[in-house]
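Trainee: One structure, pasted below without further comment.
There are 2 protein chains.
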Amino acid sequence: MKKTSNVDRLIEKTRGMAINFELKPGSRINETALSRELGASRTPLREALNRLVAEGFLTFQTGKGFFCRALDPKRIMDLYEARVAIEVEAIRLACTRATDAELTVFGAYLNATEPDYLNKMDVSDAVHGDEDFHLYIARLSHNDELLRMLENLNGRIRFVRSVNLKSIHDTERSLRAQTRLSAHRRILEALLTRDGDVAADIMRGHIERRWEEATEAVQKAYAQIYVPDEMQKEMT
Amino acid sequence: MKKTSNVDRLIEKTRGMAINFELKPGSRINETALSRELGASRTPLREALNRLVAEGFLTFQTGKGFFCRALDPKRIMDLYEARVAIEVEAIRLACTRATDAELTVFGAYLNATEPDYLNKMDVSDAVHGDEDFHLYIARLSHNDELLRMLENLNGRIRFVRSVNLKSIHDTERSLRAQTRLSAHRRILEALLTRDGDVAADIMRGHIERRWEEATEAVQKAYAQIYVPDEMQKEMT
DNA sequence: GCATTCAGGATTGTATACAGTTCTAAATTC
DNA sequence: GAATTTAGAACTGTATACAATCCTGAATGC
Numbered sequence: 001m002k003k004t005s006n007v008d009r010l011i012e013k014t015r016g017m018a019i020n021f022e023l024k025p026g027s028r029i030n031e032t033a034l035s036r037e038l039g040a041s042r043t044p045l046r047e048a049l050n051r052l053v054a055e056g057f058l059t060f061q062t063g064k065g066f067f068c069r070a071l072d073p074k075r076i077m078d079l080y081e082a083r084v085a086i087e088v089e090a091i092r093l094a095c096t097r098a099t100d101a102e103l104t105v106f107g108a109y110l111n112a113t114e115p116d117y118l119n120k121m122d123v124s125d126a127v128h129g130d131e132d133f134h135l136y137i138a139r140l141s142h143n144d145e146l147l148r149m150l151e152n153l154n155g156r157i158r159f160v161r162s163v164n165l166k167s168i169h170d171t172e173r174s175l176r177a178q179t180r181l182s183a184h185r186r187i188l189e190a191l192l193t194r195d196g197d198v199a200a201d202i203m204r205g206h207i208e209r210r211w212e213e214a215t216e217a218v219q220k221a222y223a224q225i226y227v228p229d230e231m232q233k234e235m236t
Numbered sequence: 001m002k003k004t005s006n007v008d009r010l011i012e013k014t015r016g017m018a019i020n021f022e023l024k025p026g027s028r029i030n031e032t033a034l035s036r037e038l039g040a041s042r043t044p045l046r047e048a049l050n051r052l053v054a055e056g057f058l059t060f061q062t063g064k065g066f067f068c069r070a071l072d073p074k075r076i077m078d079l080y081e082a083r084v085a086i087e088v089e090a091i092r093l094a095c096t097r098a099t100d101a102e103l104t105v106f107g108a109y110l111n112a113t114e115p116d117y118l119n120k121m122d123v124s125d126a127v128h129g130d131e132d133f134h135l136y137i138a139r140l141s142h143n144d145e146l147l148r149m150l151e152n153l154n155g156r157i158r159f160v161r162s163v164n165l166k167s168i169h170d171t172e173r174s175l176r177a178q179t180r181l182s183a184h185r186r187i188l189e190a191l192l193t194r195d196g197d198v199a200a201d202i203m204r205g206h207i208e209r210r211w212e213e214a215t216e217a218v219q220k221a222y223a224q225i226y227v228p229d230e231m232q233k234e235m236t
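One line per chain: the protein sequences are L and P, in this order. All residue numbers for the first sequence refer to the working numbering, where the first residue is 1 and numbers rise by one. All residue numbers for the second sequence refer to the working numbering, where the first residue is 1 and numbers rise by one.
As structure tokens, then:
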């Protein structure tokens with residue numbers, strides 16, 4: 001039984017709101033209002049907000065308060081590039097450090113999750129499944145810091161991935177799942193050869209191939225936010 | 001005039017205490033005692049502690065409180081590897097993105113700081129000087145996230161670098177300063193050729209060459225902490 | 001003697017009050 | 001009418017009180 005604190009709940013909730021643009025990018029967060037809405041007092045909420053600042057979801061200015069951070073295309077690109085930095089080095093390390101036993105288990109994991117991967121139509125599950133694969137490799141690097149950084153990056157990119165996946169049709173989606181799956185298999189093979197340079201190249205390509213998708217997704221997300229705004233203006 | 005909040009002050013202070021092992025690794029932090037010591041109440045202190053958790057200096061367990069994180073050799077290695085991940089990718093990006101004008105300014109910066117670099121005997125200044133060089137390159141990558149991550153890593157490694165520098169004699173120290181300076185010049189040259197792969201290799205080598213120094217420094221740091229402990233025991 | 005229970009103290013978790021600052025908008029001046 | 005000033009409302013920053021939880025060690029039973 002995992003003990004989850006109230007603050008953790010507030011973090012989840014607020015992160016969710018930031019991700020789903022219930023808090024608009026750049027807007028100031030009203031602590032009193034938000035605390036009331038989430039059913040807690042300001043003290044624990046502020047703790048939650050502080051941690052979200054550190055995670056990169058919010059910003060903070062003394063005397064002004066907390067602001068929802070904008071997720072513009074430039075930042076998305078930055079985040080994807082940061083992922084490349086982390087994951088390329090992680091797989092390089094994994095090539096020399098992962099034990100044969102670990103790679104065997106990793107292979108089994110890949111086989112076991114394959115059916116889920118292809119049939120899974122729930123977008124959130126699919127995104128988490130993909131994240132898990134990449135986190136697994138980070139873990140094989142035996143470097144806790146790289147893992148930590150990747151977890152953070154995932155948390156911030158997750159929304160973009162979701163928007164992207166949601167925006168495409170089922171047939172196209174299962175097609176892409178298949179493509180990605182075979183890419184994952186190639187990555188496993190590269191790991192097995194233990195050639196760090198080759199593995200690094202493959203990983204780099206795999207992540208970079210998702211950039212345009214991602215920035216495209218952001219455009220859509222922005223449309224989601226700002227169209228309602230325009231409508232508001234027209235109503236005034 | 002920069003407005004610096006009370007919480008910021010508490011962060012600085014507490015980080016300093018964690019870094020200098022005034023808070024022992026693994027030990028629980030007594031909020032009441034620490035808040036009294038730092039002249040503030042628990043509320044802002046807890047905000048500060050929360051941010052330090054996010055920075056990686058402390059850990060937190062629900063119901064238990066905040067703990068000073070251990071800085072063992074394994075973690076130092078992890079941090080240096082993470083630096084490699086970030087900085088290698090940063091310089092790769094800098095090779096394609098830095099404008100000629102930027103590189104000219106960078107060269108001028110290198111010339112301007114050279115005299116300081118060699119004459120500077122204050123350890124803290126020397127460490128910051130070296131950090132600045134690396135941050136500069138991260139900035140040339142035009143990627144805010146990589147910069148952010150490197151800043152964080154620097155903050156956590158800084159202490160190790162200081163211990164290391166302090167532990168060597170002046171003549172040896174100025175010798176190393178010279179070595180490092182020429183390494184920095186080579187990095188600039190690599191940037192000017194705009195060959196990402198070459199630049200990446202040079203950067204990797206430059207950072208990796210400091211690992212053993214670093215872990216050695218940690219050993220010394222640990223001696224610093226635990227010898228007094230032993231003495232305490234003997235006094236009991 | 002060893003494990004277990006339980007009370008008391010210590011410490012963390014949260015709410016709330018109030019002080020200090022910033023923002024807003026109406027009033028004033030040119 | 002535009003710019004400036006200035007209350008006052010709204011909000012953030014911090015202290016403190018109290019509730020909830022955890023930890024310690026002595027008492028109890030086996």
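Just so it is clear, CB atoms sit at the ideal spot from N, CA and C, and this is done for glycine as well.
For chain L, find out if any of its Cβ atoms is closer than 8 Å to the Cβ of N20(P); answer yes or no.
Mentor: It does not; no Cβ of chain L falls within 8 Å.
Trainee: Rounded to a whole number of angstroms, what is the C-alpha to C-alpha distance between L93(L) and T62(P)?
Mentor: Answer to the nearest angstrom: the Cα atoms are 33 Å apart.
Trainee: I need the boundaries of the beta strand (DSSP E) containing L237(L), first residue and last residue.
Mentor: The displayed coordinates of chain L run from 1 to 236. Any statement about residue 237(L) would go beyond what the structure contains.
Trainee: Just checking: is the beta-carbon of V123(L) within a distance shorter than 8 Å of some beta-carbon in chain P?
Mentor: Closer than 8 Å: no.
Trainee: Compute the Euclidean distance between the alpha carbons of R158(L) and N119(P), then round it to the nearest angstrom.
Mentor: Using only the alpha carbons, I get a separation of about 49 Å.
Trainee: What's the gap between the Cα of A190(L) and the Cα of I202(L)?
Mentor: Spanning the two alpha carbons is a distance of roughly 8 Å.
Trainee: Can you give the Cα-Cα distance for W211(L) and F133(P), rounded to whole angstroms?
Mentor: So the two alpha carbons sit approximately 30 Å from each other.
Trainee: According to the neighbour-count rule (16 or more other Cβ atoms, all chains shown, within 10 Å of its Cβ), is L10(L) buried or exposed?
Mentor: Per the 10 Å Cβ criterion, buried.
Trainee: Consult DSSP for F60(P) and reduce its assignment to one of helix, strand or coil.
Mentor: Strand, per DSSP.
Trainee: Between L146(L) and chain P, is any beta-carbon pair separated by less than 8 Å?
Mentor: Judged by the 8 Å Cβ criterion, L146(L) is in contact with chain P.
Trainee: When you compare each of R28(L), V163(L), G56(L) to G155(L) by their alpha carbons, which one comes out closest?
Mentor: Selected option, being the one with the closest Cα: G56(L).
Trainee: Counting C-beta neighbours from all protein chains within 10 Å, is the total for R36(P) 16 or more, i.e. buried, or is it exposed?
Mentor: By the 10 Å Cβ count, R36(P) comes out exposed.
Trainee: Between S27(L), L110(L), V127(L), Y136(L), which has its C-alpha nearest V163(L)'s C-alpha?
Mentor: That would be V127(L), whose Cα lies nearest to the Cα of V163(L).
Trainee: Below 8 Å on the Cβ atoms is my contact criterion, and I expect E102(L) with L140(L) to pass it. Report the Cβ-Cβ distance as a whole number of Å.
Mentor: Contact holds; Cβ gap of about 6 Å.
Trainee: Can you grab the Cα-Cα spacing for the pair E31(P) / G129(P), in whole Å?
Mentor: In a straight line, the C-alpha of E31(P) is about 34 Å away from that of G129(P).
Trainee: What separation, rounded to the nearest whole angstrom, lies between the Cα atoms of E12(P) and L71(L)?
Mentor: C-alpha separation (whole angstroms): 29 Å.
Trainee: Determine, using beta carbons only, whether A85(P) comes closer than 8 Å to chain L.
Mentor: Yes, its Cβ sits closer than 8 Å to a Cβ of chain L.
Trainee: Select from G39(L), P115(L), A40(L), L58(L) the residue whose C-alpha is nearest the C-alpha of L23(L).
Mentor: Checking every option, the nearest Cα to that of L23(L) belongs to L58(L).
Trainee: Taking only three categories from DSSP, how would you classify V28(L)?
Mentor: One point to set straight first is that residue 28(L) is Arg, not Val, in the sequence displayed. Three-state result, R28(L): strand.
Trainee: Where do the ends of the alpha helix (DSSP H) carrying N154(L) lie?
Mentor: Residues 144-166.
Trainee: Does the Cβ-Cβ distance between V160(L) and A214(L) come in under 8 Å?
Mentor: Yes, the Cβ-Cβ distance between V160(L) and A214(L) is below 8 Å.
Trainee: Against chain L, with Cβ distances strictly below 8 Å, would S5(P) count as a contact?
Mentor: True, the Cβ-Cβ gap to chain L drops below 8 Å.
Trainee: Which one of A199(P), D144(P), V105(P), I19(P) has the shortest CA to CA distance from M77(L)?
Mentor: Per the Cα distances, D144(P).
Trainee: So which residues of chain P does D72(L) contact, with C-beta pairs closer than 9 Å?
Mentor: Result: empty, since nearest Cβ-Cβ is about 11 Å, beyond 9 Å.
Trainee: Can you pull the chain L residues whose beta carbon is under 7 Å from the beta carbon of D78(P), in chain order?
Mentor: Neighbours of D78(P) on chain L, chain order: N143, D144, E145.
Trainee: Given a cut-off of 8 Å on the beta-carbon distance, is the pair L146(L) and E89(L) in contact?
Mentor: A contact, by the Cβ cut-off of 8 Å.
Trainee: Count the other C-beta atoms from every protein chain shown that fall within 10 angstroms of the C-beta of I168(L), then say buried if there are 16 or more, exposed otherwise.
Mentor: So I168(L) ends up on the exposed side.
Trainee: Give the straight-line distance between the Cα atoms of I137(L) and R97(L), rounded to the nearest whole angstrom.
Mentor: Spanning the two alpha carbons is a distance of roughly 11 Å.
Trainee: Which residues in the same chain as D229(P) place their Cβ atom closer than 7 Å to its Cβ, once the five residues preceding and following it in sequence are excluded?
Mentor: Residue placement at D229(P) is flagged as unreliable, the pLDDT there being 43, under the threshold of 50; the coordinate-derived value follows with that caveat. Excluding positions up to five away in sequence, the list is empty.
Trainee: Please classify R28(L): is it buried, with 16 or more other beta-carbons within 10 angstroms of its beta-carbon, or exposed?
Mentor: It is exposed - the Cβ of R28(L) has fewer than 16 other Cβ atoms within 10 Å.
Trainee: Determine the DSSP secondary structure at H206(L), reduced to helix, strand or coil.
Mentor: Helix.
Trainee: Compute the distance between the beta-carbons of A18(P) and I91(P), then report whether it is under 8 Å.
Mentor: Not closer than 8 Å, so no.
Trainee: With a threshold of 8 Å between beta-carbons, can N284(P) be considered close to chain L, or not?
Mentor: For residue 284(P) there is no data in the structure shown, the boundaries of chain P being 1 and 236.
Trainee: Say the cut is 7 Å; is the CB of L181(L) nearer than that to a heavy atom of the ligand MN?
Mentor: Among the ligands in the structure shown, none appear at all, so the ligand MN cannot be discussed.
Trainee: In chain L, which residues lie with their C-beta within 7 Å of the C-beta of M149(P)?
Mentor: What M149(P) touches in chain L: A82, M149.
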